[in-house]
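S.K.: Quick mapping for you: the protein sequence lines, in order, are chains A and B.
Following my numbering, the residues of the first sequence are numbered contiguously, the last one being 564.
Following my numbering, the residues of the second sequence are numbered contiguously, the last one being 564.
Number of protein chains: 2
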Amino acid sequence: MKFGLRHIRYFIAVAEELHFRRAAERLGIAQPALSRAIQHLEDELGVTLFLRSNRHVTITEAGKTFLQGSQGVMNAMEHTVNNTKQVHSGQIGILRVGYTDFAIAGALPNLLKGFRTQQAGVTLQPHHDVTTDQLLKLEAGMLDVGFVTGPVVKQGFERCLIQKERFVCVVHESHPFSARSSIQLEELAHEDFVHGPARDWEHFYYYLIPLCRRAGFVPRIVQEAYNSDGILGLVASGMGITVLTESANNLARPGLKSIPISNVTERLMTVAIWKSDVMNGVKKMFIDYIRSQSPES
Amino acid sequence: MKFGLRHIRYFIAVAEELHFRRAAERLGIAQPALSRAIQHLEDELGVTLFLRSNRHVTITEAGKTFLQGSQGVMNAMEHTVNNTKQVHSGQIGILRVGYTDFAIAGALPNLLKGFRTQQAGVTLQPHHDVTTDQLLKLEAGMLDVGFVTGPVVKQGFERCLIQKERFVCVVHESHPFSARSSIQLEELAHEDFVHGPARDWEHFYYYLIPLCRRAGFVPRIVQEAYNSDGILGLVASGMGITVLTESANNLARPGLKSIPISNVTERLMTVAIWKSDVMNGVKKMFIDYIRSQSPES
DNA sequence: CATGATTGATGCATTTGAGGTATCATGAAA
DNA sequence: TTTCATGATACCTCAAATGCATCAATCATG
Numbered sequence: 268m269k270f271g272l273r274h275i276r277y278f279i280a281v282a283e284e285l286h287f288r289r290a291a292e293r294l295g296i297a298q299p300a301l302s303r304a305i306q307h308l309e310d311e312l313g314v315t316l317f318l319r320s321n322r323h324v325t326i327t328e329a330g331k332t333f334l335q336g337s338q339g340v341m342n343a344m345e346h347t348v349n350n351t352k353q354v355h356s357g358q359i360g361i362l363r364v365g366y367t368d369f370a371i372a373g374a375l376p377n378l379l380k381g382f383r384t385q386q387a388g389v390t391l392q393p394h395h396d397v398t399t400d401q402l403l404k405l406e407a408g409m410l411d412v413g414f415v416t417g418p419v420v421k422q423g424f425e426r427c428l429i430q431k432e433r434f435v436c437v438v439h440e441s442h443p444f445s446a447r448s449s450i451q452l453e454e455l456a457h458e459d460f461v462h463g464p465a466r467d468w469e470h471f472y473y474y475l476i477p478l479c480r481r482a483g484f485v486p487r488i489v490q491e492a493y494n495s496d497g498i499l500g501l502v503a504s505g506m507g508i509t510v511l512t513e514s515a516n517n518l519a520r521p522g523l524k525s526i527p528i529s530n531v532t533e534r535l536m537t538v539a540i541w542k543s544d545v546m547n548g549v550k551k552m553f554i555d556y557i558r559s560q561s562p563e564s
Numbered sequence: 268m269k270f271g272l273r274h275i276r277y278f279i280a281v282a283e284e285l286h287f288r289r290a291a292e293r294l295g296i297a298q299p300a301l302s303r304a305i306q307h308l309e310d311e312l313g314v315t316l317f318l319r320s321n322r323h324v325t326i327t328e329a330g331k332t333f334l335q336g337s338q339g340v341m342n343a344m345e346h347t348v349n350n351t352k353q354v355h356s357g358q359i360g361i362l363r364v365g366y367t368d369f370a371i372a373g374a375l376p377n378l379l380k381g382f383r384t385q386q387a388g389v390t391l392q393p394h395h396d397v398t399t400d401q402l403l404k405l406e407a408g409m410l411d412v413g414f415v416t417g418p419v420v421k422q423g424f425e426r427c428l429i430q431k432e433r434f435v436c437v438v439h440e441s442h443p444f445s446a447r448s449s450i451q452l453e454e455l456a457h458e459d460f461v462h463g464p465a466r467d468w469e470h471f472y473y474y475l476i477p478l479c480r481r482a483g484f485v486p487r488i489v490q491e492a493y494n495s496d497g498i499l500g501l502v503a504s505g506m507g508i509t510v511l512t513e514s515a516n517n518l519a520r521p522g523l524k525s526i527p528i529s530n531v532t533e534r535l536m537t538v539a540i541w542k543s544d545v546m547n548g549v550k551k552m553f554i555d556y557i558r559s560q561s562p563e564s
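Written as structure tokens, this is what we have:
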């Protein structure tokens, strides 16, 4: 094939006009150029596409076949170019997003909803994962953006604050604290704690442990569950108490009470984090969006 | 779009090799030319298709999208070119063929069967029509080739002999002639004839009438039917006799007898005829075929 | 019948762009 | 550090595409 898309465009014009001068005009070129381009195309194919009778141009059967195909090719090409541009600009694509319990219980649902409304062409693939695993998957390129429990400082990554939440104590309604409107952290010193496994809840413990230590005790964890839901389930069954964040209210279940801890000013941060060197249109769009929605901005 | 199929071909090579030097080699061009072609393509699209990191080339998401589309376009193009060539050469196409009763009762079925075996891609559209109407439809471009009762001389048309058939007399078995192994034309002078309407059977009458006149009589047509089958039906019902050709034996029905006419040496010619100025691949192939099968050759 | 108008093809000069060779800049490997 | 591999750049050459002027054929018209 020694002809290009230009020949195809020219051919379509002539086939539609059946008139070289008009077709040339429509294409914005001179008529001789068009005549020769079509001749070239015919020579190259070894096929007569038009019958020129000095007064009328008619298209041959082969020409009709070529016209149909050519129109298909041009449409496909145009479609491909548009698609490619949209993928480049991030209007179309797939975004793999990791999230923690704290993210999904808090600001993330609205964030994703807002983004989807704005960028309907983007397919979001949310993956539930604890912070530690998200960081590994981000590193391995298995996730595009992670919503994790911060602070996280990581070489080659950028981040953006999503939410800051107060800590609350969650107890069963039969528990003595249940009637209180607030408590002091020290009061939890001798309580039984329900929490997640140390490895998975590592980044939450970075908050909890120092806070307790400052209050003069080490929390006694008597039961473990994998996620907030499981933890609250155990608390609801009277196994013990737990400390989570205020967004745990969204997961509320009957029989539970959450009580503000009045003497803890520290907040649990949830941050979005992503590899800064691997960048594509969708990721860029998404990052722009979450930055515009960040409480920091 | 200011790029051509060449750019697409180059792009596909690079996308598949992910290596400019190897891709260039595969394309049979120098590496700098390829680098620039891809740059040009990227500039034109306004999209980064590859990430070049001096050691590795990786394709972007947009690049993957473009690759898929490009492969589709190239396939479509190739397919179109092949199709067009086949249509041009007559391996693919539609051929509208007219035929008379004499043609279809005689050599035509085998002729069409042979052609279809040789050119499976051609769709034959047979139309039953008397000679007169076929000639009008050929003139109007509604038929490609007609199989008509000759001889026909027509400006701008070419023809080819298909068959020459003896005339026979067809009678009901109760008729006195029924036992004869041959008869003389003169013996039919006072018989009742069954035949087609004069307008439609015009070209058959060109044979019959002069023959009879030479034998000293004008056939007395007492009943008309539209086609051979109808005529034979009327003969079978005892309405009269008829004169057809030997291929009428193929339409034979119980109670009929066909008797050679010994003193008529003239034969009824069936010829293929077509407009010589309008020509396309399928028609050419078909004409070549019937010429190769013609009893004249 | 002659003339003018219309249409696609051709000749020639000019411009565009695609290709090749040599070389550079950069980053990984030895 | 040196060496090697890789893609990018500079510069030149040549083929291809384009435009302008013109030709040849055909049709319409007076």
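Even glycine gets a Cβ: it sits at the ideal position worked out from N, Cα and C.
I'd like to know if isoleucine 498 of chain A contacts chain B, where contact means its C-beta is closer than 9 Å to some C-beta of that chain.
M.R.: Residue-level contact check: isoleucine 498 of chain A does not touch chain B, since none of the beta carbons of chain B fall below 9 Å from its beta carbon.
S.K.: Please report the Cβ distance between threonine 509 of chain B and valine 461 of chain B, rounded to the nearest whole angstrom; I am assuming they are in contact, meaning their Cβ atoms lie under 8 Å.
M.R.: The beta carbons of threonine 509 of chain B and valine 461 of chain B sit about 5 Å from each other, so the pair counts as a contact at 8 Å.
S.K.: If the criterion is Cβ atoms closer than 9 Å, does the pair cysteine 479 of chain B and alanine 515 of chain B meet it?
M.R.: 9 Å or more divides the Cβ of cysteine 479 of chain B from the Cβ of alanine 515 of chain B.
S.K.: Could you tell me whether any Cβ in chain A is nearer than 9 Å to the Cβ of leucine 272 of chain B?
M.R.: yes
S.K.: Quick check: leucine 318 of chain A and threonine 332 of chain A, are their CB atoms within less than 9 Å of each other?
M.R.: Against a cut-off of 9 Å, the Cβ pair of threonine 332 of chain A and leucine 318 of chain A comes out as no contact.
S.K.: Could you tell me if leucine 476 of chain A is buried or exposed, where buried requires 16 or more neighbouring beta carbons within 10 angstroms of its beta carbon?
M.R.: Note that residue 476 of chain A is isoleucine in the sequence shown here, rather than leucine. Exposed.
S.K.: Pull up the distance between the alpha-carbon of threonine 325 of chain B and that of alanine 372 of chain A, whole angstroms please.
M.R.: 38 Å
S.K.: Hey, quick one: how far does the beta strand (DSSP E) through aspartate 459 of chain A stretch, first residue to last?
M.R.: Residue range 459-462 is occupied by the beta strand (DSSP E) that includes aspartate 459 of chain A.
S.K.: Does methionine 344 of chain B come out as helix, strand or coil in the three-state DSSP assignment?
M.R.: helix
S.K.: Over the uninterrupted beta strand (DSSP E) stretch that includes histidine 395 of chain B, give me the two end residues.
M.R.: 389-395
S.K.: Classify glycine 313 of chain B: buried if its beta carbon has 16 or more other beta carbons within 10 angstroms, exposed otherwise.
M.R.: exposed
S.K.: Determine, using beta carbons only, whether asparagine 547 of chain B comes closer than 9 Å to chain A.
M.R.: yes
S.K.: Per DSSP, tryptophan 541 of chain B is paired with what?
M.R.: In the DSSP output, where bridge partners are listed per residue, tryptophan 541 of chain B has B:Glu425.
S.K.: Can you name, in chain order, every residue of its own chain whose Cβ lies under 6 Å from the Cβ of asparagine 494 of chain A, other than the five neighbours on each side?
M.R.: Asp368
S.K.: Examine chain B for any beta-carbon lying closer than 9 Å to the beta-carbon of glutamate 345 of chain A, and answer yes or no.
M.R.: yes
S.K.: Using the C-alpha atoms, what's the distance from lysine 542 of chain B back to threonine 398 of chain B?
M.R.: 15 Å
S.K.: With H, G and I counted as helix, E and B as strand and the rest as coil, what does DSSP make of methionine 552 of chain A?
M.R.: The three-state reading of DSSP puts methionine 552 of chain A in helix, counting H, G and I together.
S.K.: Does chain A have any CB closer than 9 Å to the CB of valine 348 of chain B?
M.R.: yes
S.K.: At which residues does the alpha helix (DSSP H) containing proline 376 of chain B begin and terminate?
M.R.: 375-385
S.K.: Does the CB of leucine 312 of chain B have a neighbour CB from chain A at under 9 Å?
M.R.: Cβ-Cβ to chain A under 9 Å: yes for leucine 312 of chain B.
S.K.: Name the two residues that bound the continuous beta strand (DSSP E) containing histidine 307 of chain B.
M.R.: Per DSSP, histidine 307 of chain B belongs to no beta strand (DSSP E); it is in the alpha helix (DSSP H), 298-312.
S.K.: According to the neighbour-count rule (16 or more other Cβ atoms, all chains shown, within 10 Å of its Cβ), is proline 486 of chain A buried or exposed?
M.R.: buried
S.K.: Can you list the residues of chain B that threonine 315 of chain A reaches, using a CB-CB cut of under 8 Å?
M.R.: His355
S.K.: Give, in chain order, every residue of the stretch 318-345 of chain A whose Cβ lies closer than 7 Å to some Cβ of chain B.
M.R.: Here the close residues are Thr327, Glu328, Ala329, Thr332, Phe333, Gly336, Ser337, Gly339, Val340, Ala343 and Met344.
S.K.: At a Cβ cut of 9 Å, what residues of the stretch 364-381 of chain B count as close to chain A, listed as they run along the chain?
M.R.: none
S.K.: Would you call the stretch 351-364 of chain B in contact with the stretch 537-554 of chain B, where contact means no fewer than 3 C-beta pairs closer than 8 Å?
M.R.: yes
S.K.: Less than 7 Å between C-beta atoms, sequence neighbours within five positions excluded: which residues of the same chain meet that for isoleucine 279 of chain A?
M.R.: Leu334, Ser337, Gln338 and Met341
S.K.: Quick one: residues in its chain with C-beta nearer than 8 Å to the C-beta of arginine 426 of chain A, no 5 flanking neighbours on either side, listed in chain order?
M.R.: In chain order, Gly417, Val419, Val538, Ala539, Ile540 and Trp541 place their CB closer than 8 Å to the CB of arginine 426 of chain A, counting only its own chain and leaving out the 5 sequence neighbours on each side.
S.K.: Only counting the same chain, and skipping five residues up and downstream in sequence, which positions put a Cβ closer than 8 Å to that of methionine 268 of chain B?
M.R.: When the five nearest sequence neighbours on each side are left out, the beta carbons in the same chain lying within less than 8 Å of the beta carbon of methionine 268 of chain B are those of Glu311, in order along the chain.
S.K.: Which bits of chain A does glycine 360 of chain B rub up against, with CB to CB less than 7 Å?
M.R.: Glu328
S.K.: Please name the residue, chosen from B:Ala482, B:Ile275, B:Gly381 and B:Phe287, that lies closest to serine 561 of chain B on a Cα-to-Cα basis.
M.R.: Of all alpha-carbon atoms in B:Ala482, B:Ile275, B:Gly381 and B:Phe287, the one lying nearest the alpha-carbon of serine 561 of chain B is that of B:Gly381.
S.K.: Just curious, the beta strand (DSSP E) that arginine 273 of chain B is in, first and last residue?
M.R.: It is not in any beta strand (DSSP E) - arginine 273 of chain B instead sits in the alpha helix (DSSP H) that spans 272-284.
S.K.: If I'm right that leucine 452 of chain A touches isoleucine 526 of chain A with Cβ under 8 Å, what's the distance once you round it to whole angstroms?
M.R.: So it is not a contact: roughly 11 Å between Cβ atoms.
S.K.: Please decide whether threonine 351 of chain B counts as near chain A, where near means a Cβ-Cβ distance under 9 Å.
M.R.: yes
S.K.: Going along chain A, which residues have a C-beta under 7 Å from methionine 409 of chain B?
M.R.: The contacting residues do not exist; methionine 409 of chain B stays about 15 Å from chain A at best.
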